[in-house]
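Residue numbers (the UniProt record's numbering): 1 to 679.
Worksheet: one structure, shown below.
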């Protein structure tokens, strides 16, 4: 679940002419790259935005080579592939120099960044301009308007080309016979995507966007409008100018060799009037394809069904629509851009006429910038949205409005704890009541209740009943019985650890543990204060790969090497919350690999790995006056070796599990949240 908070922050890109379009926005590990029609800007990607580099195309080069039309970033290569309207491919290198432009608290210094062309290649003529570019670590694939694909390496050397729509090549046998269906009304009356983005979309007649094969309509030259790429599956989704979507894939699931990339079926069009496709985006985690429609809706399709020959033409898993929220599709316009969050848990949707919305993959709308009152002055992000970009940690969303390319709005989000499954139980604190001390604000002495913890980039948000959250909490307008409290992490910890990536809450006391890039910090609810490592060198000597709370104020941490250090085996460490010192650990246990999921109950810890292995670890405290306690593995379970055989899909692994009360005494096993097919 994503939760927006705070007021949007405005980023002024400087003297950018209003006529320039924002072609691409990308967050790297160090920079925010803004690609305009005739310039590229580099900004710092930390907590603060500082422009550290810019390159502007000269008028002569702009006339000879054309404007920028698409760009794609390769993180491993640290290169930007960019195509122009006159058929040129430019490969830019982005590197930081030693010159420090600005030193801010809480993040590395902002250094002068050099942006320069490393290679340049001419690919096509004006009659067949590029419309998109996708990359992997070995290849650059340029998609032309005619459907031709050009493949080059990162040195600019050509590696082949192919016409994807060439009738002599045919289609992949996996899907060519499974998508036969009569053309829909939409496929026979489609306008170009450009016209759909500017026109008033009709309201969908049947409430959903079912994908229908458009095999009766031939694929014409110059029909490609945009392209989306899934690096994990190797799929390409080509949005055609008539509103159809074409899927393509290489036999090796890579971009090379280009001769082995084939269409998986004929073009498809959503099944009802006004539902022609305008854009597409692949979920980076959950194998979902989002298709934006001319009516302003977004249809979500499971890739497993799209690729299954026995399914035929699949219906969408879910359709995201503003109709149920009382917003007129004619005011929103077509879906102009889509962008999934890095963890695949949220989808940002920009409309061609007005508005930005953010949805979860389950169909919950968590944000909308449009107001339902008529006759009010337009506010922030109530105009057409032209570009979107999520920060790498998913806590910020950058959005650009049409007509003001130099002004970008940045929204902040808090998320439910990764892998978390339960609310925070506010149990009776009998010890405090007996001693007469004041109860922590998070605890409710009268009844069992539940609060929720949300993790942001520099704080933890606690949501719960007003009387239970805390003194510094503020009420929520639409839910006056609920309150929101911000637990701001100290700057002393954020200086080296920004951003926060994980958190855990003690279900009995409400104490909070958070971890960023290095170390971790604790917040005591009873004392209303943060606790850090006394020795900063200890704090920066490890990275917390998992956080759990055991009973009696014991924090379990899976400690791995800090970023940039040599690899070393992880270790499960138990810390007393009253003393953060790696020289006084309660117990330790060496692990073979870092767990992907962890949970704890009482003195037991569950650790799950990517190979569907689950280990149950028991903690035995040391006797009074004795040395350290003991951690030992008492159960080692593998779902691959028990019960019915499983046909495992590529990438299957443990994603999360939970303890429940009584499971240890009843002999139950934790629920494992992976994906599999019954075979």
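Yeah, the Cβ is synthetic: ideal placement off N, Cα and C, and Gly gets one too.
For residue 362, the closest C-alpha among the options 413, 308, 399 and 302 is that of 302. Taking C-beta atoms as the reference points, residue 352 and residue 331 fail to come closer than 7 Å. In this chain, the alpha helix (DSSP H) harbouring residue 61 covers 59 to 65. Rounded to the nearest whole angstrom, the CA to CA distance from residue 110 to residue 329 is 43 Å.
Within the segment 577 to 641, the runs of beta strand (DSSP E) at least 3 residues long that lie entirely inside it are, in chain order, 587 to 590, 597 to 601, 604 to 608, 613 to 620 and 630 to 638. The beta-bridge partner set that DSSP reports for residue 502 consists of 515. In this structure, the straight-line span from the alpha carbon of residue 511 to that of residue 529 is close to 10 Å. In the DSSP assignment, residue 99 falls within the beta strand (DSSP E) that extends over 88 to 102.
Comparing C-alpha distances from residue 263 to each of 100, 356 and 163 shows the shortest one belongs to 163.
Of all C-beta pairs linking the segment 562 to 570 to the segment 537 to 550, three or more are shorter than 8 Å, placing the two stretches in contact. Between residue 394 and residue 465, the C-beta gap is not smaller than 7 Å, which leaves the two residues out of contact.
Taking 7 Å as the cut-off, the Cβ atoms of residue 224 and residue 281 do not count as close.
Contact between residue 255 and residue 141 holds: CB atoms are separated by about 5 Å, below the 8 Å threshold. Under the three-state reduction of DSSP output, residue 340 falls in the strand class. Within the same chain, and ignoring the five residues on either side of residue 159 in sequence, the residues whose Cβ sits closer than 8 Å to its Cβ are 139, 151, 152, 153, 256, 257 and 258. Within a 10 Å sphere around the beta-carbon of residue 98 sit fewer than 16 other beta-carbons, which makes this residue exposed.
Taking all protein chains in view, the Cβ of residue 60 is surrounded by fewer than 16 other Cβ atoms within 10 Å, so the residue is classified as exposed. Within a 10 Å sphere around the beta-carbon of residue 620 sit fewer than 16 other beta-carbons, which makes this residue exposed. Here DSSP, grouped into helix, strand and coil, assigns residue 538 to helix.
A residue is called buried once 16 or more other Cβ atoms fall within 10 Å of its Cβ, and residue 243 is buried on that count. If you look at residue 237, you'll find it in the beta strand (DSSP E) that goes 235 to 240. Residue pairing from DSSP places residue 12 in a beta bridge opposite 407.
DSSP places residue 285 outside both helix and strand once states are collapsed to three, so it counts as coil.
For residue 455 and residue 131, the gap between their C-alpha atoms comes out near 38 Å.
Our two residues, residue 56 and residue 584, have alpha carbons roughly 56 Å apart in a direct line. Restricting attention to 93, 149, 509 and 47, the CA atom closest to the CA of residue 249 is found in 149.
Under the three-state reduction of DSSP, residue 146 is assigned to coil, being neither helix nor strand.
Relative to residue 488, the option among 18, 128, 462 and 566 whose CA is nearest is 462. Around the beta carbon of residue 364, a 10 Å sphere encloses fewer than 16 other beta carbons of the protein chains shown; the residue is thus reported as exposed. For the pair residue 519 and residue 587, the CB atoms are not nearer than the 7 Å cut-off. If you draw a straight line from the Cα of residue 252 to the Cα of residue 509, it is about 52 Å long. Secondary structure note for residue 303: its alpha helix (DSSP H) is the uninterrupted segment 303 to 307. Contact annotation: residue 82 and residue 71 have beta-carbon atoms nearer than 7 Å.
Around the beta-carbon of residue 325, fewer than 16 other beta-carbon atoms lie within 10 Å, marking it exposed. The alpha-carbon of residue 355 is positioned some 42 Å away from that of residue 531. According to the DSSP assignment, residue 494 belongs to no beta strand (DSSP E) but to the alpha helix (DSSP H) extending over 491 to 497.
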